[in-house]
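Residue numbers (my numbering), protein chains in the order written: chain C, 2 to 363; chain D, 2 to 363; chain Y, 4 to 305; chain L, 83 to 361; chain F, 13 to 430.
Note that the Cβ used here is the ideal one computed from N, Cα and C, for glycine as well.
The structure appears below as C-alpha cells.
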Amino acid sequence: MATIVFEGITKTFADAKKGGIFTAVDEATFEIKDKEFLVFVGPSGCGKTTSLRMIAGLEKQTGGNIYIDGQLVNHVHPKDRDIAMVFQDYALYPHMSIEQNLSFGLKNMKIEKSIIEEKVAYASKILGLDQLLDRKPRELSGGQRQRVALGRAIVRDPKVFLFDEPLSNLDAKLRVQMRIELAELHQRLGATIVYVTHDQVEAMTLGERIVVMNEGKVQQIASPQELYARPQNMFVAGFIGSPAMNFIPAYVLSENQLQMGDYLLDVPLDRQDYVRAYVNRQVMFGIRPEHILLDPKGSVEVKVNVFEHLGAENLLYFSFNEQSVISKTAGENFIKAGETIAMTFQMEKMHLFDIETKQRIG
Amino acid sequence: MATIVFEGITKTFADAKKGGIFTAVDEATFEIKDKEFLVFVGPSGCGKTTSLRMIAGLEKQTGGNIYIDGQLVNHVHPKDRDIAMVFQDYALYPHMSIEQNLSFGLKNMKIEKSIIEEKVAYASKILGLDQLLDRKPRELSGGQRQRVALGRAIVRDPKVFLFDEPLSNLDAKLRVQMRIELAELHQRLGATIVYVTHDQVEAMTLGERIVVMNEGKVQQIASPQELYARPQNMFVAGFIGSPAMNFIPAYVLSENQLQMGDYLLDVPLDRQDYVRAYVNRQVMFGIRPEHILLDPKGSVEVKVNVFEHLGAENLLYFSFNEQSVISKTAGENFIKAGETIAMTFQMEKMHLFDIETKQRIG
Amino acid sequence: MAETVQVTPSKLSLFLRDYGWCYVFILVPILVFLLFTFIPVIYAFVMSFQQYHVMGSTFIGLENYQTMVQDEIFWRSMRNTFVFTVATVPVSVGITLVLAVLIFPRGKKVQTFFKASLYLPTVASGVTMALVWFWIYDPTNMGLLNMILNYIGIENTMWLGSRSTALFSLILMSWLTGHGAGIILYLAALGGIPKSLYEAADIDHASGWSQFKHITMPLLKPTTLYLLVMGIIGSFQVFMSIYLMTQGGPNFATTTIAYLIYVHAFEYYQFGLAAAESFALGIVIILASVFQFKLMSSDVEF
Amino acid sequence: MKRANGKRIGARVVSYAILLFWIVITLIPLYWMLVMSLKDTSMSASFSPEWFPKNPSVATYIRFFTETDAMRWLGNSLFISTVLTFTNVLFCSLAGYAFAKLRFPGRNTIFWMLLGTMMIPAQVTLIPVYIIVVNTLQLGNTYTAIMLPMFATVGNIFLMKQYMSTLPTTLIQAARIDGCSEWRIFYKIILPISKPGLAVLAIFTFVATWNEFFWPFLVTQTSSMRTIQIGLASFKFAEATDFGAMMAGSVIAALPMFILFFSLQKYFLQGITIGAVKG
Amino acid sequence: GGDEEKRDVVKVWTYPVHGEYEGELKESIAAFEKENPTIKVEYEVLSWAEGLQKFDIALNSGSPPDLYFGRPLGKYKETELLVPIDDKLSIDLSDYDEVALDHMTLEGSMYGLPLYQYLHVWGGNKALLEEYDVDYEKIQLEGWTWDEFYELASIGDQENDHGDRQYGFVFQGVDEELLDHLARNNGIPYRMTEEGIQWDDDRILEAMTFIVKLRDEGIMPAETAAIDAAKRQEMYYNYQALFYGRAIPYADAIVQNRNQEIQDGVTEGEELDFVLLPIPHHEGEVEVSQGGAEGYLLFTQNNADEAHVENSVKVLEHLAGADAIGKTSSALALPIIHKEAADNYELPLSDENRLAAERLASNVLPPNTITSELAAKDDMFKTQVVVPTFQGLISGELTPEEAFEKFKTEAASAKYQP
Ligand SMILES: Nc1ncnc2c1ncn2[C@@H]1O[C@H](COP(=O)(O)OP(=O)(O)OP(=O)(O)O)[C@@H](O)[C@H]1O
Ligand SMILES: Nc1ncnc2c1ncn2[C@@H]1O[C@H](COP(=O)(O)OP(=O)(O)OP(=O)(O)O)[C@@H](O)[C@H]1O
Ligand SMILES: [Mg+2]
Ligand SMILES: [Mg+2]
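Right, here's the structure in full:
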C-alpha cells in the first residue's frame, strides 16, 4: 500500500534579489492512488521537481501536509519513506564505480550479496550498462549517466518510485525500450510511481493519470485520453498534444454556428447546449493539428506558408482568421510552400473555451 | 566562411579496468559545409559529444586532423576557434547570476555594454528567462538551467555553433518554439551549426544534413528525407523513425516475390533489378510502422497484441512471421487488444537489406 | 484526510527526530570547546574585572579597562597590530594564491616538487628560521638584504634595529614566509573546481586572466575566506615572531597587542589587565572577521 | 599561432622564475638545518651558518639518540600526533559537514560562538585551562592532558566547513533516498569525496600537533612524557647551545612529517566530484 | 613498592644550567634519596626559552613546584607562595659568599640558596691585543678608565686581515645593557633608590655621550642598534672586534673549545684567545662589576603542610649545597661562592683570566635593597623609558641630550616617584 496525499501543499523560496518570496508550488491538493502510475507534466519551471522532492522529503513544504499511506510524513526522514528516486541532475556518486552506484542503496538495506549482484546484473543489462560497470561516472556519456541514475532506482524495491525526467537524454530507440521496461517494472513490483516527463508520448503511454501543472498550480488531473479529449482549460489544451492545439478566436453567431473571419463553422449537435450561453459573445475555438485534414472537398481554403516533412507525417503552417495555424497530415502528401489547398476542420473534435476564465465550455 | 573537416579522426580513452583502450570515435571522416546546419544523431554513448568536443578543441583527438576553414586546428586553443557551445551538462558558472552567465562571453570579447545588454535582454526574452536574471543557477529548475546554457551560446555571434542536446529538458511547447528560434538564428547569423539531438523531430526539422553515428563510426550522412527514404544500412534504418522500422526476415522467391511465413508479398517494379541477385536467399525486409496501414481489404490478417493510444495516433503491436511488428495508425481508429484486423503493407515503401553486410539492397 | 489516527508526538521528540543527529555530529567538538575554550574564556572575562591574585582576586570593576585605554602604549600597539595585519594578511593571501595558481597547471611530478618544497620547510625548526632571518636582516654588510642593497648603491640599513624599518621588516618576513599551508589548501580547492567551467570559459573567449578573475577567484572564495579569517586571527595575535626577533622594540615600534598582553601577563602578573586587553583585541578581530564574512558570504555550491 | 605559443612559453618561464625564487627562500632554513646537523661543534656559544658542511659527521645524530630519551620522545610525539590527527579528521570533518550542509536551529549561532572564542588570545586563557586540566581534573603529566585541548580544534572545523560547502548537496540527498543513515552518508559519501580536504586537514593537524611545543611542555613534568619538540629545547643551555645535536634532532623530527606528506600528497589534487551532477 | 606511596614528593623545576647539569642533578638526587628514604624528589628540567612562562602559569594557578631555579622577584613574593627560609635552614650559611646570599634576599628575607654567582665582563682578543702591545694584564688587575679604553679601542678601528672592517669595540645594541654597565661605573650603582630614579643625573648624560662618541667615531659599528648578542659574538670570532662586551668568564672555555674544533677541522675560522677584562670606569669613579646570583627558591602550594615544607628545605640545602655549587661553578667557569667547594674545584680558565675573574667577583655590586614596590617601578621605568630611549639613542634617532631630557622628565613624573 502506498497512497500519497498532498493536502494544500505550498512551497516558497526566498527570492532575495526581488526582496520577496517565489512560490514554486501553490496550494496543491491531490491524491496518488496505491500502485498508480502518475505522470507530472507542465512547462519548465512549473514545480514538478519541487513536488517530487517534497514527496521524497528532500524539501520541506512551506505549508500543508503530505501523507504517505495515510501517515503524516512531515517529520519523516527521507530514508524512512521507502522511496527510490531518479534525480533530474542524476546525482551519481562520483567516487564509486557504476556497479557501486547501482548497488549502494541495496547495500544500505543489508540485502544479501547474491541478490544484490543479481539485481545489479539485471538492471545493468536492460540499461545497456553491463560493459561499463567498472567505470566511474566521469567516464560516461550523458545518456549513460542518466541510465545509471535510472538504474540506481530500479534495482530497488520501494513503496514509491519518483522519476524526474529519467529518459530525457536517451535516444528514441532506447527510450522506447525503457518505457516498456518501466511499464513492466510497474506491473511487476506494484509500486506507486510518480513520473515527471516532458515527452508527451511517455506521458500518454505510461501514465494512468496525468497531473498537469502550471506556475505551481495543478491544472487538471485525469487519464491521458481524458486530457487529450477534454482538456479542462486552455492551458491544458494548449500544453497537451504536439504540435499544440490551434486556438482561433471565434464569435458565436448562434448555438449551432461559429464565425471565424470569413468562415462559418457548424457546432456539433452534442455541444450546442453548452454553446447556447455564449451566443453573441467571443469564445476561443480550439482544434488540434491532427484534426485539420487535407481534403480536396474541404470548405476551408488556405495558402500554405511553411511545409515541414517529418518522416511519417508533415506539418502545414497557414494563416486562418489572422492566426497562425498548424495542420498535421499523413507523410505521403507533399505540398510546396505557397500552394493553396483545401482543408476540413473536424468539428466534432473541436474545443471551446471561455475567453475570460479560460475554462472549457462543455 | 566556416567549413569543418574531420579527416580520419579517432579518439580513444584509457579504459583502465579493462586494461585497454576504449575507442569513442573511430576514423571519422566527413566535411561540414559553410553555414550548414548539421545534426548528429546516434545511440547514447556513440561518440557525439566527443566529436563536438573535438571540434571545440576541448578534447584532443588521438589521431587524424581537424580543419576549420581549411586551417589545421589541431593545435589551436579552444578560445581561438571562435565557437559557441551548449554543453550537454550545461557547465553554468555557479557563482554568477543568470545575467552574468549570459553576458560573460560577450564581456570577454569587449563588446560594448549597450550591445551586451541588448543581446542578453533579447536572448533571455526568447528563452523565457527574463524574470530570472538575478538568480544563481542553483535556484533554477532543470529546464531553466538548460535554457541558460542555450542562451549563453545564442547571445554570441561565432563562426560555429555547437549544440549538445540543447533542448532535451524542455517541454514540448518550448521545444517547438526553440526549434523555430534556432532555425531563425541559423538564417540570421549564417553560422555553421553542429547539433546533437536525440529528438528525431528536431533532427528532421532542423538538420540540412544528418550524421548518424554508431559505436564511434559514422554510418551515413545525408539529408533528412534521404535518410528516411533510403537508409544505407540496417542500423540507420532502425535508428531513424519512431517507432522504429520493423524488420522481418524474408526469403526471396523470385525477383518479384518475397516470402514471409505464410505470406507472399510483391516486390515493386523499380526494385526488382536489385533483388534479382538475392533470389533463393534470405534477406531482411524492413517496413516503417506508418507504412503498415489499417485496411479492411488488406491482405495481411493479424491479431493485435497491444494497442496504444497516443492522442493523434495509435500504435498497434502484433506478431508477423514470428516477429513483433508495430503499426502506426491515425488517432481515430480504436482497436482492442486481441482483435483480429486486416492490414496492408505499402510495398513501394519497403526496404531490403543484405543479411550479412546489413547494407541496403537497392 | 488521513484516516489513521495520528499519535501526536511531543514537540521535543519531533525536534530530535528532525535535528537530533545534527547535534550529535557536532557534539564532541562542542564538548572540547566548552571545557577548554568556553569556560576559560568566561573565566578570563571575569578576570578582566579583577585584580588577579592566586590566593584570592579582588573585584575592581572597570579599572582594568580604564588602565588599558589610558595606556598610551596600548594604543600604539593597537596601531602596530592593525598596520601589521592590514599590510600582511591580504598580501600574504594574494601571494599564496598566485603561487598556488602557478603550480596548479604543472605536471604531476613538477607539481609535487613545488608543493613539497614550499610546504615542507614549515617543518624546519623555529630556531633555524630565526637564524635565517637574522642573517637576512644583519645590519652590517654581511646581511643578505644589505648585501643586495649595497650592490645597487644603498647604504646599510639596521632593519630590525631602527624604529622606521623594524615593523616593515617583520611585515616583509611574513610576506616571504609561511605560505606553504595556504598553497596546499588552495591546490586542494583548485582541484575541486570543475574542469568543465574552464572549458565553458574557453569557449566564452575568456583570457587566462579573465578565467582567473571570474572563475578561479570566485570559486576559491571559501578557501580564501578561511585563509583571510585565520590570517587575521593569526596576525592580530602575532606574538612568536616578535618575541623571537625584536621583543617589541625598538621603542615599541613592533610591540603588538598580543606581545603587550604577554608582557602584562607574564612580566608583571597583571592578568586582569591582560584579560581586558585580550577582550578588546578579541572584539577587533571579531569585527574584522564579520566584515570578511559579509564581504565573501555567498556560498559556492555546484 | 606562433606568437601565441611564444607568449605561452614566456609566461611559463616567468612562472617558473617566481616559483624558484620562492623555493630558494623557503628551502634555505631547511638546508641550513641539514648542514648544521652534520657539523659536530658541540658547544660553541654562537653559531654562524655555513653553506657547505665541512667534514660532515653523523656524530650529532649519534649523540642525539644515545644521550637523550630521543626514542621515547619520538614515540610520544608519534602517538600523540597520530591520535590527534585521527580525532581531528573524524570530528572536525563531521562538525564541518554539519555546519556546511545540514540545517538545524542554532547552527550559525553555535558556529560563530566557536569561531568567536578563537579570537581571544591564548595568553589569558592559559591559566584557566591549566587550572582545569592540572588542578581540577588532575591530569597533569598524562597523554590525555596533552591531547584533550587539541582533540578537535575550531580552526579545523572551520576549514572543513569551508571545504565541504563546495560539495554538491544533491549527492547527500541521493544517498538519503538510497536509504542511507546520516552517519553512513557521512562515512560513505562525504568522506570519500572530501579526500583532498581530509588529506590537507590530516597533514596540517599532524604538523601542528607535532610541532606544538608550549602546551605539552606546560602539562608534562617527566622526561618520559615529553614530546620531541620539548626534547629539542633541552639542547639549549644557559650559556651555550648544542646546535649540532639540536639540528640533528630537528632533522629526525621532520622525517615523519615528510613521510606523511608524501604519502598523502596524491590526494591533495583530485577533481573527485566530476561527473556527479548535471548542471 | 609500598613505601613509594608514603614518601613525600618534593617537586623541583630547574633549567639546563650547563651541558652536564641534568646528569649531575640526577646523581645528586639519587644520593639524597638514599640518605632520606622518606623523601622522593621529582625534578623537571625546563627549557630556557619557555620555562619561565610555564613557571609563571603554574605559580599563578596556585601550584608551583616546591623548588624552582631562579632569583627571588617581587612578583613572586606578591603571590604569597614564595616562602622565606631564614628560620628553616639547618645549615651554616657562613660558608656562602655574602653577596651571593644577598642576591637571594628580598626586603630582608631570604627565599633560597644560591647555586652560582654570575659575572658579566668585557673581553678582548688576545692576539690583537698582543699585536698592538696592549698591557692587558695590567688592565685585568687594575681596571681602566673610559679614556684609557677609548684610546686603546681607537687603535682597533681598521681593516682586518680578511679585508673586513675591524672595530675597536663591539657591544650588543638591542638592549640597554651597555648603558647600564657604563652608568654603574660612573657612580650610579643603582637606577632606583629610595629617593627615586637616579638616571636623571649628568653622569648618565656623560655615559650616553661617551657611547655616541664611540659609535660616531667608528670605534663601535654604526649599526650597533641592530647588533644582538649572536652578532657581536660572531664579529668577535671573525677578528672584527678588539674589545667586546658583554662576555662571561666561561667564554674562555668556549673559545678554547672552538679552537679545538678548528684544529679538528670541524669548524671554520681563525683560532683566538679570550682575555677577560673589567668594565672601564669613569675617571674618579669606582670600578664595579656586574653580577648576581641564581639558585633554588622555596615555594609552597595552597595547601602544603609543615612537614612537606621541611622536607623541601632539606632538598634545597642539598641542591644548593657545597658539592653542587662547586660542580656548577667550575663547569661555568665562575668564581666559586662556597668556601668548602672552592677548595675542591678548579676553574677552567687561563691563569690570568682566573685571577681577573676572582678580582672582579669581589667587586660585584650587592643587590639593590629597595622595596619590591619600588623595584616594580624601576622595572617599569626600564621597559617603558630606558629601553626605548636607549634604542633611539643608539640608532641615532635621539641625541644624548634629548635622551637625557627624556630621562629627566620621566623620572620626575609621579609614576616613578617612590
Ligand atoms: N573519460 C572517459 N573515459 C572512458 N570512456 C569515456 C570517457 N568519456 C567518454 N567515454 C566513452 O566514450 C563514448 C562516447 O561518449 P560521448 O559522450 O561522446 O557519447 P554521446 O554520443 O554524447 O552519448 P550521449 O548521447 O549518451 O550523450 C561513450 O561510450 C563513453 O562511455
Ligand atoms: N532554490 C530555489 N530558489 C528560488 N527558486 C527556486 C529554487 N529552486 C527552484 N526554484 C524555482 O521554483 C520553480 C519550480 O522549480 P522546479 O525545479 O520544481 O521546476 P520543474 O517543474 O521541475 O521544471 P523543469 O521541467 O525545468 O525541471 C522554478 O521556477 C524555479 O525557478
Ligand atoms: Mg525539474
Ligand atoms: Mg553526449
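query                                                                                                                                                          : result
Inspect the beta-carbon positions of residue 178/F and residue 185/F and report whether they are closer than 8 Å.                                              : no
Is residue 15/Y close to chain F, meaning its C-beta is less than 8 Å from at least one C-beta of that chain?                                                  : no
Quick one: does residue 221/Y have its CB under 8 Å from some CB of chain F?                                                                                   : no
At a Cβ threshold of 8 Å, is residue 360/L touching chain D?                                                                                                   : yes
Would you identify the three-state DSSP class for residue 285/D, choosing helix, strand or coil?                                                               : strand
If you draw a straight line from the alpha carbon of residue 208/C to that of residue 349/C, how long is it in whole angstroms?                                : 26 Å
Along chain L, which residues have their Cβ under 8 Å away from the Cβ of residue 306/Y?                                                                       : Residue 306/Y lies beyond the stretch modelled for chain Y, which goes from 4 to 305, so this question has no answer here.
Give the range of the beta strand (DSSP E) segment to which residue 331/D is assigned.                                                                         : 324–331
Contact between the stretch 391–403 of chain F and the stretch 113–131 of chain F: three or more CB pairs below 8 Å?                                           : no
Tell me the DSSP secondary structure of residue 30/C in three-state form.                                                                                      : strand
Would a check of beta-carbon distances place residue 106/D closer than 8 Å to chain Y?                                                                         : yes
What do you get for residue 4/Y, buried or exposed, if any count of 16 or more other CB atoms within 10 angstroms of its CB means buried?                      : Reliability of the predicted coordinates at residue 4/Y is poor, the pLDDT of 41 falling under 50, and the value obtained from them is presented with this limitation in mind. Result: exposed.
Sort out for me which residues DSSP pairs residue 25/F with in a bridge.                                                                                       : 56/F, 80/F
I need the straight-line Cα distance from residue 89/Y to residue 171/Y, nearest angstrom please.                                                              : 12 Å
May I ask you to report which of helix, strand or coil DSSP gives residue 351/C?                                                                               : coil
Any beta carbon from chain F within less than 8 Å of residue 293/L's own beta carbon?                                                                          : no
Determine the contact status of residue 137/F and residue 248/F, defining contact as a CB-CB distance below 8 Å.                                               : yes
Measuring CB to CB, does residue 211/L end up less than 8 Å from residue 39/Y?                                                                                 : yes
Going by alpha carbons, who is nearest to residue 245/D out of 34/C, 158/C, 175/C, 82/C?                                                                       : 175/C
At what residue ranges does the stretch 131–187 of chain C contain a whole run of the beta strand (DSSP E), taking only runs of 3 or more?                     : 161–165
List, in order along the chain, the chain L residues whose C-beta lies closer than 7 Å to that of residue 44/Y?                                                : 199, 202, 207
Determine the extent of the alpha helix (DSSP H) in which residue 154/F is found, giving its start and end residues.                                           : 148–154
Any residue with its Cβ nearer than 7 Å to a heavy atom of ligand 3 should be included. What is that list in chain order?                                      : 49/C, 50/C, 89/C, 165/C, 166/C, 197/C, 142/D, 143/D, 144/D
Give the list of continuous alpha helix (DSSP H) stretches no shorter than 4 residues that lie fully inside the stretch 42–90 of chain C.                      : 49–57
Compile a chain-ordered list of the residues in the stretch 127–149 of chain Y whose CB is closer than 8 Å to at least one CB of chain F.                      : 137, 140, 141, 142, 143
Below 8 Å on the Cβ atoms is my contact criterion, and I expect residue 162/Y with residue 148/Y to pass it. Report the Cβ-Cβ distance as a whole number of Å. : 6 Å
Is residue 163/Y close to chain F, meaning its C-beta is less than 8 Å from at least one C-beta of that chain?                                                 : yes
Spatial neighbours of residue 253/F within its chain, please: C-beta separation below 6 Å, excluding the five flanking residues on both sides.                 : 179, 182, 247
Kindly examine ligand 1 and report whether one of its heavy atoms sits closer than 7 Å to the Cβ of residue 150/D.                                             : no
Show which residues of chain F have a CB atom less than 7 Å away from the CB atom of residue 316/L.                                                            : 28, 57, 59
Using the Cα positions of residue 240/F and residue 303/F, report the straight-line distance between them to the nearest angstrom.                             : 20 Å
For chain L, find out if any of its Cβ atoms is closer than 8 Å to the Cβ of residue 90/D; answer yes or no.                                                   : yes
Quick check: the Cα distance between residue 310/C and residue 278/C, rounded to an integer number of angstroms?                                               : 41 Å
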